[in-house]
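This report concerns only the one structure given below.
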Amino acid sequence: MAPKRKKKTGKLTKMTDEERAIFLEQQRVAEEELKTKKMALLTQYLQDKLNHEEKFTKLNKAKLTYYWRTIMRETKSKELKRTIEILSQTFERIMDRKESIIKTLVADLSEADEQHLMALRSHLQNVDILIGR
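No gaps in the numbering here: position 35 of the sequence shown is 1105 in our numbering, and each next residue is one more.
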């Protein structure tokens, strides 16, 4: 069996009712102050943590924006290169077609010139025949 404990006589038992009330009020006030200090300390800790997180959030957002813009630039660059290649090929096709048309028109003009000269010669011969030379 465990030995019997001595009955403790505490501070409260030796105090009068008025002293006890004052003591309990002081204890309550001290506990309230301690609780307030703890809350203030916790609030300050959480505020510091929030500020820290906001700072790193801003930094990470800047990094992400930088990398995202880099990716977008590369993508846009590839897209523009493809567009330029397509436009270059289209331009070459159109130029070839126009050169072909120009060659055809030059040949037609040359043939028309020959026909004109032939018709002029024939006309002059006919005029000479009519005049009687």
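We put the beta carbon where it would ideally sit given N, CA and C, even for glycine.
So, with DSSP's three-state summary, where would you put Met-1188? Counting from 1 along the sequence shown, the entry for residue 1188 is found at position 118. The answer is helix: DSSP assigns Met-1188 an H, G or I state.
For Thr-1083, name the three-state secondary structure that DSSP assigns. On the sequence shown, position 13 is the one that residue 1083 refers to. Of the three classes helix, strand and coil, the one that applies to Thr-1083 here is helix, per DSSP.
How many Å lie between Lys-1128 and Lys-1119 at the Cα? The count along the sequence shown starts at 1 and reaches residue 1128 at position 58. The count along the sequence shown starts at 1 and reaches residue 1119 at position 49. Between Lys-1128 and Lys-1119, the C-alpha separation is close to 14 Å.
Return the CA-CA distance between Leu-1175 and Ile-1154, expressed in angstroms with no decimal places. Taking the sequence shown and counting its residues from 1, the one referred to as residue 1175 is at position 105. Taking the sequence shown and counting its residues from 1, the one referred to as residue 1154 is at position 84. Cα to Cα, the separation comes out at about 31 Å.
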